[in-house]
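In UniProt numbering, the protein residues as written are 1 to 180.
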């Protein structure tokens, strides 16, 4: 684990703020994607998996306390995302020819966890804009867990693609001396 300097703590605070702003934007606009993990992924890329998981945990707690009563229940997804993003990035799975497979490895475990949480704790209904799609599939005859998983694999996949592409571009734009 790295020594936490004032610069590191400031950066981690900015990452938590990025998560909060993204989540608030998606919630207010009722988007079917979440945008709540920009900071989690950025911290995981630059500081490592443990820091990504930490940012995800703090962000889930902050969102829960301020604006989204469902956010805390999804902290395990943020933790898993931070850990996986850091490991996959460090091992080159989110670049080049490995990118599609890396995106799948980043998306599917979190989708499985979040689908379980959504189906069993909330009956398929959360603050996300994707809840409408879940209910449509469920009322069309698909069981609730399958409905949640189908919708979440699509929305999580798009969400992770946007997150990873944006954060890879941002990491490339940061001067090398600041990335160290």
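Yeah, the Cβ is synthetic: ideal placement off N, Cα and C, and Gly gets one too.
Between the alpha carbons of residue 140 and residue 14 lies a distance of about 43 angstroms. In this structure, residue 52 sits near residue 86, with a CB-CB distance shorter than 8 angstroms.
The stretch 20-38 makes contact with the stretch 142-161; the number of CB pairs closer than 8 angstroms reaches 3 or more. In this structure, the beta-carbon distance from residue 58 to residue 80 does not fall below 8 angstroms. Scanning its chain for C-beta atoms nearer than 8 angstroms, with the 5 sequence neighbours on each side dropped, one finds around residue 107 the residues 153, 156, 157, 160, in chain order. Of all C-beta pairs linking the stretch 37-56 to the stretch 161-173, three or more are shorter than 8 angstroms, placing the two stretches in contact. Distance from the Cα of residue 44 is smallest, within the candidate group 115, 82, 119, for 82. Bounds of the alpha helix (DSSP H) holding residue 153 are 144-173. Secondary structure of residue 3 (DSSP, three-state): coil.
Non-local C-beta neighbours of residue 24 in its own chain, meaning closer than 7 angstroms and more than five positions away in sequence, comprise 67, ordered along the chain.
Counted as a single uninterrupted DSSP element, the alpha helix (DSSP H) harbouring residue 63 occupies residues 49-66.
Counting every other CB atom within 10 Å of its CB across the protein chains shown gives residue 75 a total of 16 or more, marking it as buried. Residue 151 and residue 133 have their C-alpha atoms spaced approximately 7 angstroms apart. Contact between residue 18 and residue 42 holds, with the beta-carbon distance rounding to 7 angstroms and staying under 8 angstroms. Closest option to residue 119, judged by alpha-carbon separation, among 148, 20, 56: 148.
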